[in-house]
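Novice:
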Amino acid sequence: RRKLIRRKIAEAMLAVRIEQAFSKDEILELYLNRIYYGNGAYGAEAAAELYFHKPAKDLTLGEAAWLAGLPQRPAFYSAPAHRDQSLRRRETVLQRMVDTGKITPEERDAAKDEPLRIFKPKPTGSQIYAAPYVVNYVVSQLVKSYGPDAIYNGMKVYTTVDPQIQKTAEQTLADGVNRSGVANQGALICIDNRTGFIRAMVGGLNYQRDQFNAVTQGIRQPGSCFKPIVYTAAIDTGKVTLDTRYRDDPSIPGEHTGNKWHPKNYSGRYSYRRITVLDAIKHSINTVAVKVAMDTGLRTVIDYARRMGITTPLAPYAPLALGASGVKPIELCEAYTVFATGGKRATPQCIKQTSTYAGDVVDEWEPDLKDTGIRPDTITAMNEALREVVLHGTGTMAADVPNAHGKTGTTSDSRDAWFAGYTPELTTVVWVAHENRTRNGHLNPKEPYLPMPGATGGHLCAPIWRDFMLKAVPIQMKANQALTEPARSSPAPQPAAHREGLNAPHLQQPRPAPAEPNGLMPPTPQPPSDTTAPGTPTDQQGAGTAATPAGPIHSTPPIMPAPALPVRGTSSTSGVLPRATQPAPSRAAEPMARPALPAPKPDPGDEIVTVRLCADTMKRATPWCPVTIERRMKRKDIPGRCKLHKPPPGEG
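Residue numbers for the sequence shown follow the working numbering, so the first one is 2 and each next one is one higher.
Structure (structure tokens):
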């Protein structure tokens, strides 16, 4: 009883503060933007899109009245089986509007007679939007940047995800896993090399069953996909070259392991011959990778892994060279962008821009390419080696992709299979496994993943990677072309040379220099329009044109094609998928401008920004301020943080 009294007093005090800070209309707007309307839709805007496939401002009186009746019992009234009850509830709402003078009896009768076309949400549990793993990841990033209240404030979010590439990723991964016969789970992450913008992310195959995002949360042994980091460290520090030879046998330099562990090749055999580092990379020889790592120094290998974006714990023992320490797929993908960009690490980003509901820009994310300090000749050597993997090594199942480079990975007992690879445009990592779930649907804690007999990254993941990239790369190339027009045109490709890799510079000379002055790999030649592969999605949107939906998606507004300029979208934080935006064009591709005298720089302190303030102290709000308001003011006038409201015990 005492708790009830304290709660009622707190509610009364909160109501008083809200009345002081907001008008009646503002309070109603806040309520409508947060209230639940059933089927995962929070807010009137999300509900209008979900049930009627239109913005709230375009609803008819009858449709609006039906929505207004849902919050009383959202799960009940929104169910198709209770449509008659929801219509009677609509009549009650309309009559109340007549009683309060909002509408006339004639308008009420017309609204009652109005037929309702209510779209049935897809039966996917909590998933009422496309690309659910992307949306949840974006929400988590918003909470980190703006606090937990951000997802309820009607913020508009523009993502970097391309809708065609995302759809291709989901379909290709599902098809490949189903076709395998031994795997039942997988993940895929695709990054734009120029910007680090995430173009597709699939964190699993069944979001309804498990919201765990294997791309950003999963930590699995990468197997031989880790070897390129080992060889990068060795070549860059001058310990080896691609022509250095090592004996293929189980011995380890110095026998530093202490437990008599010795590396085994996948075949279980040793050739006892001296083979080159290039051949060891190409055919994924474990013994040579371990010896190179030990000669280079395991601490040095770990240092290079950190430089390339790996943040997970790495054990300084010999099995590290074979990928025995777990990594996240998103970080492995980031590491491989170093090879595609000439030594720069493309930091993955999924949000391009955030703005208020009124359209005022809050934040914009620019491409973040970090210099790793790795020498250009090291990158050239690794590009040559990883191209050889695809052309003549363990990754030949990916060879159909023009300009493909990559590495296969398979862990002990084939519990994890990988393919990490890149073209000049995109870097993509594919991971598959066989989950071991209990009867209640949870992963078995004793053995969460089962062996996949005979499965390898080359036979299981490389075909998925190939099928995805054959469709995704042309989409990305068209997007790049739309943003950089006019740009120099690539020479017409020779199909035979593509398949055999004869147009690869490193096959024409022993150690090629980077073809581009900025260290980037040369772009993949654009395939002629009349030779587009069947089933390849095409982008009909030209540069500078407004994006339009590709077609109705019954339970949610579709992701919009990435435009050259931002297009106003719907808040993803209200249950609606954010629209994708396109990366900014490369500076190197911008046309030369006539020199001009620099304009005087405005005072940064005079910039007008939107600030969220605590309603009690009028200081800059923290996540623990119970009531906040937004005010526009000069940047130099922004007050300090509120110190009145502090986190509860255990949260600060």
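Beta carbons are placed, not taken as given, at the ideal position from N, Cα and C, and that holds for glycine.
Hey, how far is the Cα of T105 from the Cα of L60?
Specialist: In the sequence shown, the residue the question calls residue 105 occupies position 104. In the sequence shown, the residue the question calls residue 60 occupies position 59. Spanning the two alpha carbons is a distance of roughly 18 Å.
Novice: In terms of residues, what are the limits of the alpha helix (DSSP H) holding A359?
Specialist: Against the sequence shown, residue 359 aligns to sequence position 358. That residue, A359, is in no alpha helix (DSSP H); it is neither H nor E in DSSP.
Novice: If you follow the alpha helix (DSSP H) that G298 is part of, which residue opens it and which one closes it?
Specialist: On the sequence shown, position 297 is the one that residue 298 refers to. First-last for G298: undefined, no H or E at that position.
Novice: Is the beta carbon of K329 sitting closer than 8 Å to the one on I220?
Specialist: Numbered from its first residue, the sequence shown carries residue 329 at position 328. Numbered from its first residue, the sequence shown carries residue 220 at position 219. Contact flag set, yes.
Novice: Quick one: what's H435 bridged to in DSSP?
Specialist: Counting from 1 along the sequence shown, the entry for residue 435 is found at position 434. According to DSSP, H435 bridges with L451.
Novice: Let me make sure I understand the geometry here. Which of W419, G396, T160 has the alpha-carbon closest to that of I1?
Specialist: No statement about residue 1 is possible, as the shown extent of the chain runs from 2 to 653 and does not include it.
Novice: Helix, strand or coil for E608? Go by DSSP, reduced to three states.
Specialist: Position 607 of the sequence shown holds residue 608. Reduced to three states, the DSSP call for E608 is coil.
Novice: Short of 7 Å in beta carbon distance, which residues of its chain neighbour M593, apart from the five on each side in sequence? Order them along the chain.
Specialist: As a position in the sequence shown, residue 593 is number 592, starting the count at 1. The predicted position of M593 is uncertain, since its pLDDT is 33 and thus under 50; no value can be drawn from it.
Novice: Here's the rule I'm using: 16 or more other beta-carbon atoms within 10 Å means buried, otherwise exposed. How should P567 be labelled?
Specialist: Position 566 of the sequence shown holds residue 567. Confidence at P567 is low in this model, with a pLDDT of 29, below 50, so its placement is unreliable and no value can be given for it.
Novice: Please state whether the Cβ-Cβ distance between C226 and L427 is less than 8 Å.
Specialist: To locate residue 226, count along the sequence shown from 1; it is residue 225. To locate residue 427, count along the sequence shown from 1; it is residue 426. Not closer than 8 Å, so no.
Novice: For D110, count the other beta carbons within 10 Å of its own beta carbon; 16 or more makes it buried, fewer makes it exposed. Which is it?
Specialist: On the sequence shown, residue 110 is found 109 positions in, with the first residue counted as 1. Counting Cβ neighbours within 10 Å, D110 comes out exposed, since fewer than 16 surround it.
Novice: Would G410 and G224 be called neighbours here (beta carbons separated by less than 8 Å)?
Specialist: On the sequence shown, residue 410 is found 409 positions in, with the first residue counted as 1. On the sequence shown, residue 224 is found 223 positions in, with the first residue counted as 1. In this structure, G224 lies closer than 8 Å to G410 by Cβ.
Novice: Can you grab the Cα-Cα spacing for the pair V99 / T618, in whole Å?
Specialist: One-based indexing of the sequence shown puts residue 99 at position 98. One-based indexing of the sequence shown puts residue 618 at position 617. Those two C-alpha atoms are separated by around 41 Å.
Novice: Considering only DSSP beta bridges, list what L370 is partnered with.
Specialist: Your numbering for residue 370 matches position 369 in the sequence shown. According to DSSP, L370 bridges with A347.
Novice: Given G641, which residues of its chain have a CB within under 7 Å of its CB, disregarding the five upstream and five downstream residues?
Specialist: Counted from its first residue, the sequence shown places residue 641 at position 640. Excluding positions up to five away in sequence, the list reads K620, R621.
Novice: Measure the beta-carbon distance from V339 to M295 and round it to whole angstroms, keeping in mind my assumption that it falls under 8 Å.
Specialist: Against the sequence shown, residue 339 aligns to sequence position 338. Against the sequence shown, residue 295 aligns to sequence position 294. Contact doesn't hold; Cβ gap of about 23 Å is too wide.
Novice: Among the residues of its own chain, which have a CB less than 6 Å from the CB of N287, if the five just before and after it don't count?
Specialist: Working through the sequence shown from its first residue, we reach residue 287 at position 286. These residues qualify, in order along the chain: P264, N266, L323.
Novice: With DSSP as the reference, identify every bridge partner of K408, one or two as the case may be.
Specialist: Looking up residue 408 in the sequence shown gives position 407. According to DSSP, which records beta bridges pairwise, K408 is partnered with A421.
Novice: What are the boundary residues of the alpha helix (DSSP H) that S58 is part of?
Specialist: Within the sequence shown, residue 58 is the residue found at index 57, counting from 1. The identity of residue 58 in the sequence shown is Lys, whereas the question assumes Ser. First-last for K58: undefined, no H or E at that position.
Novice: Quick one, which of P449, C462, E365, T424 has its alpha-carbon nearest P475's?
Specialist: On the sequence shown, position 474 is the one that residue 475 refers to. Out of P449, C462, E365, T424, T424 has the C-alpha closest to the C-alpha of P475.
Novice: Please list, in chain order, all residues of the same chain as P720 whose beta carbon is under 7 Å from its beta carbon, the five residues on each side excluded.
Specialist: Here the chain covers residues 2 to 653 and nothing more, so residue 720 does not appear.
Novice: How many Å lie between V136 and N214 at the Cα?
Specialist: If you number the sequence shown from 1, residue 136 lands on position 135. If you number the sequence shown from 1, residue 214 lands on position 213. When rounded, the distance between both Cα atoms is 11 Å.
Novice: Buried or exposed: where does L174 fall if 16 or more other Cβ atoms within 10 Å of its Cβ makes it buried?
Specialist: Within the sequence shown, the letter at position 173 stands for residue 174. Classification of L174: buried, given that the 10 Å Cβ count is 16 or more.
Novice: How would you label Y32, buried or exposed, when you count the other beta carbons within 10 angstroms and need 16 or more for buried?
Specialist: The sequence position of residue 32 within the sequence shown is 31, counting from 1. So Y32 ends up on the exposed side.
Novice: Could you give the uninterrupted runs of the alpha helix (DSSP H) lying entirely in the stretch 264-293, keeping only those of 4 residues or more?
Specialist: If we require 4 residues or more, the alpha helix (DSSP H) runs fully inside the stretch 264-293 come out as 278-283.
Novice: For L315, I'd like the list of residues in its chain whose CB is within less than 7 Å of its CB, leaving aside the five on either flank, ordered along the chain.
Specialist: The residue labelled residue 315 in the question sits at position 314 within the sequence shown. Around L315: I303, A306, L321, S326.
Novice: On the CB-based measure, 16 or more other CB atoms within 10 Å of its CB, does I375 come out buried or exposed?
Specialist: Against the sequence shown, residue 375 aligns to sequence position 374. With 16 or more Cβ atoms within 10 Å of its Cβ, I375 is classed as buried.
Novice: Would you mind sorting R270 into buried or exposed? The rule is 16 or more other CB atoms within 10 Å of its CB.
Specialist: Position 269 of the sequence shown holds residue 270. R270 should be labelled exposed.
Novice: When the Cα of L370 is compared with those of P464, E27, T313, N194, which residue comes out closest?
Specialist: Here the question's residue 370 lines up with position 369 in the sequence shown. The candidate whose alpha carbon is nearest that of L370 is N194.
Novice: CA-CA distance, R74 and Y52?
Specialist: For the purposes of this step, residue 74 is identified with residue 73 of the sequence shown, where counting begins at 1. For the purposes of this step, residue 52 is identified with residue 51 of the sequence shown, where counting begins at 1. Taking the straight line joining both Cα atoms gives about 16 Å.
Novice: Any idea what DSSP makes of L503, helix, strand or coil?
Specialist: Stepping through the sequence shown from its first residue, residue 503 is reached at position 502. At L503 the pLDDT is 29, less than 50, meaning the model places this residue with poor confidence and gives no usable figure here.
Novice: List the residues that DSSP assigns as beta-bridge partners of D193.
Specialist: On the sequence shown, residue 193 is found 192 positions in, with the first residue counted as 1. Beta-bridge pairing links D193 to L427.
Novice: What residue range is occupied by the uninterrupted alpha helix (DSSP H) comprising M383?
Specialist: The residue given as residue 383 occupies position 382 in the sequence shown. Taken as a continuous stretch (DSSP letters only), the alpha helix (DSSP H) holding M383 covers 377-393.
Novice: Could you spell out the range, first to last residue, of the beta strand (DSSP E) harbouring K261?
Specialist: As a position in the sequence shown, residue 261 is number 260, starting the count at 1. Per DSSP, K261 belongs to no beta strand (DSSP E) and is neither H nor E.
Novice: How many Å lie between T397 and A386 at the Cα?
Specialist: As a first step, residue 397 is located in the sequence shown; it is residue number 396 there, counting from the start. As a first step, residue 386 is located in the sequence shown; it is residue number 385 there, counting from the start. In a straight line, the C-alpha of T397 is about 13 Å away from that of A386.
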